[in-house]
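See below for the structure under consideration.
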Amino acid sequence: MMVMMWGRSAWPGCEMLRLSLAELADLLEAAARVHYYDASVFGDLTSAVKVHLRGRGACRPQHVGAVVAALAELNAYDRELFDLAAGALERVGADLERSVRQTILRAFKKAQHQGDSAILAFLAQQEGLARYAAACQDVSASWQKAGTISGAAMPLGIGR
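Residues -16 to -1, 1 to 144 in mature numbering (1 follows the signal peptide of the UniProt record, and there is no 0) are what the sequence shown lists, from first letter to last.
What follows is the structure, encoded as structure tokens:
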């Protein structure tokens, strides 16, 4: 377990560059939980995140979502970082778990990010379809649901 101390002297920028995107996401999530923001520390943190997002390696969508959600929670919006996050999501693809997709969309909305990335529109469309399917499933009667057997007999005297 890594003990994190906040402050310029405890975390020089070169040390942050050595952290993985998962570790940086964990740091940002912890800061968001306690509502901690220090511009000098966050400058180094966001720079390290940008290095990962610009890289050719695949970034896991869970980590990208955690980063943008934490920054949105702290009102630490960085347009360039959010654009890079959208670009990283485009490289990964749009096949995301619903919880990750919701986290990403909520963060971009909260930060009021206005970007030209097609991935955000596509994720919003996917989320709309998922909400529609869930609503249809909720309102369907038990006899309409696949794989359920109703014990109720069909009334024979309908309309008498």
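Here a beta-carbon is modelled for each residue, glycine too, at the ideal position from N, C-alpha and C. Keep in mind the model is a prediction, meaning the values are calculated, not measured.
Report all residues from its chain with a CB closer than 7 Å to the CB of residue i; omit the five preceding and five following residues, and keep chain order.
i: residue 47; result: 5, 6, 9
i: residue 68; result: 34, 37, 38
For residue i and residue j, I'd like the C-alpha separation in whole angstroms.
i: residue 59; j: residue 20; result: 11 Å
i: residue 91; j: residue 52; result: 6 Å
i: residue -11; j: residue 100; result: Only weak support exists for where residue -11 lies, its pLDDT of 47 falling under 50; the coordinates are left without a value.
i: residue 43; j: residue 73; result: 8 Å
i: residue 79; j: residue 103; result: 11 Å
i: residue 108; j: residue 70; result: 13 Å
i: residue 33; j: residue 83; result: 22 Å
i: residue 115; j: residue 121; result: 10 Å
i: residue 31; j: residue 93; result: 22 Å
Please classify residue i as buried or exposed, where buried requires at least 16 neighbouring CB atoms within 10 angstroms.
i: residue 1; result: exposed
i: residue 85; result: buried
i: residue 145; result: The chain is shown only over -16 to 144; residue 145 falls outside these bounds and no answer can be derived.
i: residue 106; result: exposed
i: residue -2; result: exposed
i: residue 123; result: exposed
i: residue 118; result: exposed
i: residue -14; result: Annotation note: pLDDT 40 at residue -14 (below 50); position unreliable, coordinate value reported separately. It counts as exposed.
i: residue 113; result: exposed
i: residue 23; result: exposed
Starting from the Cα of residue i, find the closest Cα among the options and give me that residue.
i: residue 97; options: 16, 76, 62; result: 62
i: residue 56; options: 13, 77, 39; result: 13
i: residue 75; options: 66, 31, 41; result: 41
i: residue 77; options: 45, 65, 64; result: 45
i: residue 50; options: 65, 87, 95; result: 87
Looking only at its own chain, which residues have a Cβ that is under 6 Å from the Cβ of residue i, when we skip the five neighbours before and after it?
i: residue 54; result: 12, 13, 16
i: residue -16; result: A caution first: residue -16 carries a pLDDT of 32, below 50, which makes its placement in the model unreliable, though a value can still be read off. Within the same chain, residue -16 has no close Cβ partners at all.
So, for residue i: in the same chain, excluding its five sequence neighbours on each side, which residues have a beta-carbon less than 8 Å away from its beta-carbon?
i: residue 89; result: 104, 107, 108, 111
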